[in-house]
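Numbering (the working numbering), first residue to last: 1332 to 1563.
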Amino acid sequence: MTETQAKIFLASERGLTESDWFRTYNMFNAGCYISPHKESFGSLYMLNEETLAPGRRLTTEAEEDAYLLLVPVVGGVQCSGTGHSVRQVEAGEVLIWPAEKKSILRIHNPYDELVQFIQIGIKADNESLQKDVRQYPFGIINDELRWVGEDGENKWPFVTGLGKYKGRSEDCCRLAPDRGLFVYVIQGAFEVQSRLLQAGDGLAIWNCADVEWEALSNDAVLLVIDLPNSKV
């Protein structure tokens, strides 16, 4: 029997970059934040919790071919960039933005309040990189994980899910032998595979057929990413 493998990424150990109008917490190595213990999980190389001030615009250049996912947590943002028209994405939705190497992505806060969002980066091969931007509503159902990215027209190399749970609610998902799972707590607390996770914590899991979790607080929110298996 293959032993389940897992690695925890604590919120308190994330990299932090901030200015008077922008703040980002980096789960993995980025910029000046470099640690041998914070290498990417397979093709998942970025998971940032970002806050953008009113009226401000963040411009980034893709370092490699990738899928960029934007998941607003508070408010919403407008996205524009190389080869794509402007898209507005709000809390409760996910935007999947294919980005070729050296392409530009601009993220704008059109509101009068701070916005907060999760930015995720997943490496892709140029030959298989889907070209169309896709936007999905999560349509959160209490105490159940809602998956998006399973699109008949676009064969993403990943799927992602979001769930909101009341205290003591339990859930699980099944992994194929060649898949891994990254779990990230947006809000509240969970026990995932017998490990306690608080808001901002992440857990990489591989060599596991079934991943189980239990919410330890009310209105706890969990984000998961299913992608090709890779040891940390």
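Using N, Cα and C, we set each Cβ at its ideal position, and we do this for glycine too.
Every value quoted in this text rests on a predicted model; they were computed, and no experiment measured them.
Out of 1473, 1346, 1336, point me to the one whose CA is closest to residue 1327's CA. With the chain represented from 1332 up to 1563, any question about residue 1327 goes unanswered, as that position is not in the structure.
Helix, strand or coil: how does DSSP classify residue 1411 here? strand
What does the Cβ neighbour count give for residue 1551, buried or exposed, with the cut at 16 atoms within 10 Å? buried
Distance, residue 1385 Cα to residue 1408 Cα: 10 Å
For the 8 Å Cβ check, are there 3 or more pairs between the segment 1458-1473 and the segment 1417-1434? yes
Hey, quick one: how far does the beta strand (DSSP E) through residue 1511 stretch, first residue to last? 1510-1518
Is the Cβ-Cβ distance between residue 1372 and residue 1535 less than 8 Å? yes
Let's see if you can read the secondary structure: which residues bound the beta strand (DSSP E) around residue 1428? 1424-1430
Beta-carbon proximity of residue 1440 to residue 1383, cut-off 8 Å: yes
For residue 1380, the residue or residues it bridges with in DSSP: 1356, 1449
Would you mind listing the beta strand (DSSP E) stretches within the segment 1460-1497 that are 3+ residues and don't spill past its ends, in chain order? 1465-1468, 1477-1479, 1490-1496
Is it true that the CB of residue 1558 sits closer than 8 Å to the CB of residue 1511? yes
Are the CB atoms of residue 1494 and residue 1358 within a distance shorter than 8 Å? no
Counting only beta-carbon separations shorter than 8 Å, does residue 1357 have a partner in chain B? Protein chains in the displayed structure number just one, and chain B is not present.
Quick check on residue 1397: does DSSP put it in helix, strand or coil? strand
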